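Residue numbering for the sequence shown follows numbering that gives the first Met the number 0, starting at 0 and increasing by one per position.
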Amino acid sequence: MAALWDLGLEPGHSVRTIAECETEANADITVETALLESRWLAGSRSLMKQFEAAMAARLDARAFFQAKRVEMQQRHVRYQDTPYALEPNAKESPGGLRDLQVILWMARAAGFGQNWRAVARAGLLTSSEARDLRRAEQAFKRLRIELHLLTERREDRLLFDLQPALAEVYGIKSTATRRASELLMQRYYWAARLVTQLNVILVQNIEERLFPRPDSDARAIDEDFRSLHERLDIIREDCFERKPQLLLRAFLVMQQHPELSGMSARTLRAIWHSRHRIDAQFRRNPVNRKLFLQILQQPRGIVHELRRMTMLNILPRYLPVFRRIVGQMQHDLFHVYTVDQHILTVIRNLRRFTMPEHASEYPLASQLMAGLERHWLLYVAALFHDIAKGRGGDHSELGARDVRRFAHEHGLAPEDAELAEFLVREHLAMSNVAQKRDLSDPEVINAFALKVGSQRRLSALYLLTVADIRGTSPKVWNAWKGKLLEDLYRLTLNALGGPQDANTVLAERKEEAARLTRLAGLRDDARDAFWAQLDVAYFLRHDASEIAWHTRHLYYQVQPENPVVRVRLTEQGGGLQIMVYTRDMPDLFVNICGYFDGKALNIQDARIHTTRHGWALDSFIVLPTSPDTDLRAQATLVEHELGERLLQISSNPRAAPSRTLMRSRPSRLSRVFPVRPQAELQPDERSRSWRLSVTATDRPGLLYALARVMADHDVDLVTAKIMTLGDRVEDVFIISGAALERPRSQMQFEYAVLDALAGEDSRHVAPQKPA
């Protein structure tokens, strides 16, 4: 032991009598497992034989099996319950080395052998399965060793910053469209999928040996399948060779028989070994094409069976374009699933829109789904919306070609094929318009309505967009994004009845705002003094509810002595809507941004307006960084503190607190796969102002840094649309200023924006300078 300690190793050790070993094993399944694996190294061989006999006499194979199965299930839950985690633990994650060890422990305790060859001789595995598992075991062991050597410590996680180095160790090279680390991880996921599948088969086989049940409860479903112990079982071993179409119909039967809890080991093994029968001829068979569509059209079990089809390699073989993205990582800083798992999660989200128990969580989506005919077409669109990722080029356009081919081959009606193709090609459009464009602008709404063209396409696109965003990461979706999408849906639906004229929109918005103020007890003439200071741009930029809210608080103080700050909770909850009304002053937006940044409040939307008499009327939507924030208490605090700060600054501009930009350590993912800072400046459609689009890695203080750049270059902010996607930001600012009209100062401004975007990331990736 001393020699091992001198080498820096920390072996587990103990000194016990045989009786003490038995006592410890009875109390702790992990001790029992360790003792099961014991072997003689030195000392008395006869004592070792006594120990082995005592352990064998007390070992209850059934109890051990059940305990290890529960332990394995609990471990899977701790490690995300999927082999497709982006940073899997090669030892503990589902499909990893520990699963292989557990299977061997179960087999050894039951007397079926101590290695894969012996387990195969016992009839629990085929020789080819034993060979596959032996290779997987050796591969995972080598992977652990390489991880330990790279990190010079015990590290079993395939962390983002280790994946590129590991790929280099394995000699994997990047391609034109795929990183070396992505190719490495795809190999890992394929191996983990194999282990997961054979794990299910082996555990079932061991269970059937330890807990034999008669076949008397078998019930025929049809001539090919039966229900055996509540599992789908094949009647003939060669059924898939005789009737290859059963490779799809097995999953359809699972959907149509809710009493079935799963597939028997015999069925799983037969499907796994027959998967090669799904070839080009199989895919061209009209019977098989009809079966696949039937799977998507069933009222239940769609997601479960698509996941099972993916695990058994049936879906990837039926849709070869899907096979390319199985286990493909997405290094975009906001997807937390591989592409194939993201697609299945999106379909799960769409299915939830059909379920009454989720109606309160998705009220509009549930309503629209109920009114949409043949909503299975959404599942087709979801299958293909990201299927072309990793090929290079525009994945939306390539995916649209793929779904067009699928629709033609599977005999979809022309209008259904057109809808599926439209959804795949435009699956990002609604999110981009909602989060990056000014929804109060009738021209924006009219253009989007023209693109969509019909209520059916609008409803379907809304449903796919919500399901897609919610399927990227739990951190990406929030109530504010939900409101933006719902607002865009309702505005576009109205515009589909005819283009929206700006004057008509303006008149309707004013009338609705007036109605709301009357409901609040305000006489019509009471608001006149305040509204007289507001121009057309203000009324077009704010909805009726906001106009009425502003009016209620400002009609009696058109020229207040002190700054006015009012805060209310957003309609959907989860955020704050803030109004600032004060005499205009230099660096006002910079100071407001600095305050929000210091309070860990993230600006999602900003609208900056100057009244006719020179007062700033600015509106913000902010979300707290912490989900546990008491929003009502925060609202009271912001009203008081921000009002006091602006009062100090208005009376003494030098009182503005100097602010050092926060420097935060980038996340591991953003360090390894950084976002290249980009800035694009172009005149807006009507050349009234400029549109600044920026992309960068998110960090605290980023918006404050951009506000500082604008102030330093005498650029005025009109509106800001902030889109945060995990660690990535894609923000759009509408700005104006004389400096933007001069080419030289315009370029200096762009360079300053890029420097602000780079921040600490400048050490990791060079910003993309303007052309």
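Yeah, the Cβ is synthetic: ideal placement off N, Cα and C, and Gly gets one too. Just so we're clear, the structure is a prediction, and the values are computed from it rather than from any experiment.
- For residue 719, the enclosing beta strand (DSSP E) begins and ends at 715-720.
- In its chain, beyond the 5 residues on either side, 345, 348 and 349 have a beta carbon closer than 6 Å to the beta carbon of residue 466.
- In the three-state reduction of the DSSP assignment, residue 391 falls in the coil class, being assigned neither a helical nor a strand state.
- Within the region 582-652, the alpha helix (DSSP H) runs of at least 4 residues that lie entirely inside it are, in chain order, 587-597 and 630-650.
- Boundaries of the alpha helix (DSSP H) harbouring residue 5: 1-5, taken from the DSSP string.
- In the DSSP assignment, residue 689 is bridged to 682 and 734.
- Spatial neighbours of residue 571 in its own chain (CB-CB distance under 8 Å, excluding positions within 5 residues in sequence) are listed in chain order as 478, 479, 481 and 482.
- A residue is called buried when at least 16 other Cβ atoms come within 10 angstroms of its Cβ; residue 624 does not meet this threshold and is exposed.
- For residue 224, no alpha helix (DSSP H) run applies; the uninterrupted beta strand (DSSP E) run containing it begins and ends at 224-227, by DSSP.
- The criterion of a C-beta distance shorter than 7 Å is satisfied by residue 376 and residue 415.
- DSSP, read as helix, strand or coil, puts residue 88 in strand.
- Straight through space, the alpha carbons of residue 494 and residue 446 are spaced by roughly 9 Å.
- DSSP links residue 580 through a beta bridge to 563 and 616.
- Scanning 147, 59, 17 and 60 for the CA closest to the CA of residue 48 turns up 17.
- For residue 102, no beta strand (DSSP E) segment is defined; the enclosing uninterrupted segment is the alpha helix (DSSP H) at 96-108.
- When C-alpha distances from residue 342 are compared across 722, 400 and 463, the shortest belongs to 463.
- A Cβ-Cβ distance of about 6 Å is found for the pair residue 57 and residue 21, placing them in contact under the 8 Å criterion.
- For the region 304-388, the continuous alpha helix (DSSP H) assignments of 4+ residues that do not extend past its boundaries occur at 314-317, 319-322, 338-351, 362-369 and 375-384, in sequence order.
- Restricted to the region 8-81, not a single beta strand (DSSP E) segment is unbroken, complete and at least 3 residues in length.
- Annotation: residue 639 to residue 568 spans about 16 Å, alpha carbon to alpha carbon.
- A residue is called buried once 16 or more other Cβ atoms fall within 10 Å of its Cβ, and residue 546 is buried on that count.
- In chain order, 566, 567, 568 and 575 place their CB closer than 8 Å to the CB of residue 634, counting only its own chain and leaving out the 5 sequence neighbours on each side.
- Excluding the 5 residues flanking it on each side, residue 90 has same chain C-beta neighbours closer than 7 Å at 96, 97, 143 and 155, in chain order.
- Bridge partners of residue 504 according to DSSP: none are assigned.
- Judged by pairs of C-beta atoms under 8 Å, the region 251-260 touches the region 217-231, as three or more such pairs exist.
- Residue pairing by DSSP places residue 219 opposite 225 in a beta bridge.
- Of the other Cβ atoms in all chains shown, fewer than 16 fall within 10 Å of the Cβ of residue 354; this residue is therefore exposed.
- At a Cβ-Cβ threshold of 7 Å, residue 641 and residue 703 do not count as neighbours.
- Secondary structure of residue 568 (DSSP, three-state): strand.
- Taking residue 710 as the centre and dropping the five residues before and after it, the same chain places the C-beta of 586 and 589 closer than 6 Å to its C-beta, in chain order.
- Distance from the Cα of residue 461 is smallest, within the candidate group 518, 197 and 366, for 366.
- Cα atoms of residue 37 and residue 204: separation of roughly 25 Å, rounded to the nearest angstrom.
- Counting along the chain, the unbroken beta strand (DSSP E) around residue 230 starts and ends at 230-233.
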